[in-house]
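Below is one structure, written out as structure tokens; the observations come after it.
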Amino acid sequence: MARLIALTFFAISVAIVSTSRPEVAAAAPSCSVVGTMLEPCEPYVIDQGSQPSSACCNGVKEVSDSVESKADLEAVCNCIKNALPLIENASPARISGLPKACGVNSNFPPFDPNYDCSKISD
């Protein structure tokens, strides 16, 4: 369960980074909030379903909508990055493909524990 939450954190943070709105200032969601939003994505991320559930996609959209600045994107990226090692059998391709699979228009950073989240651009 913790691993799924970690993977979900990562996918959502990527989506948030790509759909940031710099004109609106708000705090980034906490890692626990990101994890809760993305938890329904676990079955899809570990290859236990051909498509993400509607609950998963709603979470991806919520995370994406909550990112309003580069700092928010960095924070979400770091949440996901730190959660990745906790998710066993997670498919990197499925994680990085979550936004597209859910119809969320965003460009996610690489899903790699070595990715430098500070390099995310607005």
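With mature numbering (1 follows the signal peptide of the UniProt record, and there is no 0) as the guide, the letters of the sequence shown map in order to residues -19 to -1, 1 to 103.
Idealized CB from N, CA, C, for every residue including glycine.
Predicted model, so just to flag it, every value in this text is computed and none were measured.
Of the residues the options, the one placed nearest residue i, counting alpha carbons only
i: Gln29; options: Ala52, Ser50, Ser72, Lys42; result: Ser72
i: Pro24; options: Ile61, Val15, Glu69, Tyr96; result: Glu69
i: Ala36; options: Asp53, Ser45, Val14, Met18; result: Met18
i: Ala8; options: Val44, Ile27, Glu49, Leu65; result: Glu49
i: Ser87; options: Asp97, Tyr96, Val14, Ile101; result: Ile101
i: Cys38; options: Asp97, Tyr96, Pro80; result: Pro80
i: Asn95; options: Pro33, Ala74, Asn63, Leu54; result: Asn63
i: Asp46; options: Ile27, Ser99, Pro10, Ile61; result: Pro10
i: Cys22; options: Ala52, Val14, Cys12, Arg75; result: Arg75
Helix, strand or coil at residue i according to DSSP, with G and I counted as helix
i: Gly16; result: helix
i: Asp28; result: coil
i: Ser50; result: coil
i: Arg2; result: Bear in mind that a pLDDT of 47 at Arg2, under 50, signals an unreliable position, so the model cannot answer this.
i: Ser102; result: coil
i: Tyr96; result: coil
Residue i - containing alpha helix (DSSP H), residue span
i: Ala9; result: That residue, Ala9, is in no alpha helix (DSSP H); it is neither H nor E in DSSP.
i: Cys22; result: Taken as a continuous stretch (DSSP letters only), Cys22 belongs to no alpha helix (DSSP H), as it is neither H nor E.
i: Val41; result: 35 to 47
- Jot down the residue ranges of each uninterrupted alpha helix (DSSP H) in the region 53 to 94, minimum 4 residues, whole runs only, in chain order. DSSP runs (the alpha helix (DSSP H)) wholly in the region 53 to 94: 73 to 82.
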